[in-house]
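Working notes for the structure below.
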Amino acid sequence: MRRLFSTFAHGLPGAGLLLMRLVLGIALIVQTVPALRRGPAMVPGILHVLAIGAGILLMAGLWTPIVGVLVAVIELWNAFSQPGDPWMSILLATLGAALALLGPGAWSIDARLFGWKRIDIRDR
6 MRRLFSTFAH
16 GLPGAGLLLM
26 RLVLGIALIV
36 QTVPALRRGP
46 AMVPGILHVL
56 AIGAGILLMA
66 GLWTPIVGVL
76 VAVIELWNAF
86 SQPGDPWMSI
96 LLATLGAALA
106 LLGPGAWSID
116 ARLFGWKRID
126 IRDR
């Protein structure tokens with residue numbers, strides 16, 4: 006995971022990435038839970054469960070590049086296969102791709118697990 010990012014953004018850029026992750030995760034869950042309750046269709050049901058899981062992982066900041074790509078693929082599939090207005094799905098796919106490319110930021114589980122560690126060596 007560290008090979009994907011040279012640094013995990015701190016400060017205002019890190020706060021912006023945190024905000025993007027939270028908004029995308031909440032939007033995925035809010036959009037998908039009612040759709041999951043509506044129909045017993047198997048394939049869209051699996052995609053809805055994957056979208057809810059991806060939203061939870063994004064809010065936590067765990068496996069962000071992989072989950073961002075997954076969100077982009079699922080939402081593009083929804084945009085072109087579901088009837089109705091595709092623009093919400095296109096927006097969510099764009100946010101997922103942006104997070105996959107930019108990374109999770111400093112306030113994430115990814116940064117804690119895979120970020121650079123500082124080791125202080127004391128003088129004797």
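For what it's worth, my numbering labels the leading residue of the sequence shown as 6, then goes sequentially.
Cβ coordinates follow ideal geometry from the N, Cα and C atoms, glycine included.
Computed from a predicted model, the values in this text were never measured in an experiment.
Cβ neighbour criterion (16 or more within 10 Å) applied to residue i
| i | result |
| --- | --- |
| leucine 62 | buried |
| leucine 106 | exposed |
| leucine 22 | buried |
Nearest neighbour of residue i, chosen from the options [CA to CA]
| i | options | result |
| --- | --- | --- |
| proline 109 | Thr37, Pro39, Val74, Asp90 | Val74 |
| glycine 16 | Arg127, Trp68, Trp112 | Trp112 |
| tryptophan 68 | Asp128, Arg127, Val78, Ala116 | Ala116 |
| proline 70 | Ala20, Pro88, Phe13 | Phe13 |
| alanine 102 | Leu55, Val48, Val72 | Val72 |
Close-in-space but distant-in-sequence residues of the same chain around residue i (CB under 7 Å, 5 per side omitted)
| i | result |
| --- | --- |
| alanine 65 | Ile114 |
| leucine 143 | Limits of the chain in this structure are 6 at one end and 129 at the other, which puts residue 143 out of reach. |
| tryptophan 121 | none |
Span separating the alpha-carbon of residue i from that of residue j
| i | j | result |
| --- | --- | --- |
| leucine 104 | isoleucine 95 | 14 Å |
| proline 18 | alanine 46 | 40 Å |
| proline 91 | aspartate 125 | 52 Å |
| arginine 43 | proline 88 | 15 Å |
Spatial neighbours of residue i in its chain, beta-carbon cut-off 6 Å, leaving aside the 5 residues before and after
| i | result |
| --- | --- |
| glycine 60 | Gly30, Leu33, Ile34 |
| asparagine 83 | Ser94 |
| leucine 41 | His53 |
Assumed close pair residue i, residue j - CB separation to whole angstroms, cut-off 8 Å
| i | j | result |
| --- | --- | --- |
| methionine 25 | leucine 100 | 6 Å |
| isoleucine 57 | valine 38 | 7 Å |
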